[in-house]
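As structure tokens, the structure follows; a few thoughts come after it.
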Amino acid sequence: MAACVPDRIPALKDGPFAPGVDLRGQAEDGLAVGNRLMDAGQHELALEAFTRAALKDGLTPEILTAMGSANLGLGRLGQAEDLLRRALKEDENRPEAWNNLGVVLMERGNPTEARQMFQRAYALDNGESDSIRDNLRLALEKSETSDKTVPQKAEYKVVQRGNADFLIRKNP
Numbered sequence: 070m071a072a073c074v075p076d077r078i079p080a081l082k083d084g085p086f087a088p089g090v091d092l093r094g095q096a097e098d099g100l101a102v103g104n105r106l107m108d109a110g111q112h113e114l115a116l117e118a119f120t121r122a123a124l125k126d127g128l129t130p131e132i133l134t135a136m137g138s139a140n141l142g143l144g145r146l147g148q149a150e151d152l153l154r155r156a157l158k159e160d161e162n163r164p165e166a167w168n169n170l171g172v173v174l175m176e177r178g179n180p181t182e183a184r185q186m187f188q189r190a191y192a193l194d195n196g197e198s199d200s201i202r203d204n205l206r207l208a209l210e211k212s213e214t215s216d217k218t219v220p221q222k223a224e225y226k227v228v229q230r231g232n233a234d235f236l237i238r239k240n241p
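In the numbering used here, the protein residues as written are 70 to 241.
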């Protein structure tokens, strides 16, 4: 039987195998990769990317904030709180860190301290972030009602809105 092809298939110049990795190429920034993974809801992978970024650049306030945000997304509130507080010790001018620390404190049942964190975040952000404003409003409501009435069991949900930006919402 004869096929309708040329007599010979030309040989590939590099052989039949896929090309290897160019070890001389530049790696993607770990912080940028982690932020994209956070946007995609892949908090565990984002945390690994932030850890790689920390190995390269050190534990900068930006990386500490990102790692704290990833831990918050994973529900690791204790680790998230520690990392966010460390980031704020080094750089107090990070509204996203103040906001996320407030979210952690709300989740841990401390609305009064959370309100203070949201107020700082709102002041640093000049009121530009809707999520920080909404978080502050909810914390104010929660702290006012907890002072005047018997505590109710209100269920809250943390919703991620972008890169290192979380919103607290009441469950229906």
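Where is the CB? At the ideal position from N, CA and C, for every residue including glycine.
For clarity, every value in this text was computed on a predicted model and none was experimentally measured.
Asked                                                                                                     : Found
Beta-carbon proximity check, residue 66 vs residue 190, cutoff 8 angstroms                                : As shown, the chain starts at 70 and ends at 241. That puts residue 66 outside it, with no answer to give.
Euclidean distance between Cα positions of residue 233 and residue 181                                    : 22 angstroms
Through-space distance from residue 84 to residue 237, alpha-carbon basis                                 : 56 angstroms
contact_flag[the stretch 104 to 121, the stretch 131 to 143] where n(CB pairs < 8 angstroms) is 3 or more : yes
Secondary structure, beta strand (DSSP E): runs of 3+ residues fully inside the stretch 141 to 220        : none
Contact under 8 angstroms by Cβ, residue 135 with residue 171                                             : no
Strand pairing of residue 228, partner residues [DSSP]                                                    : 236
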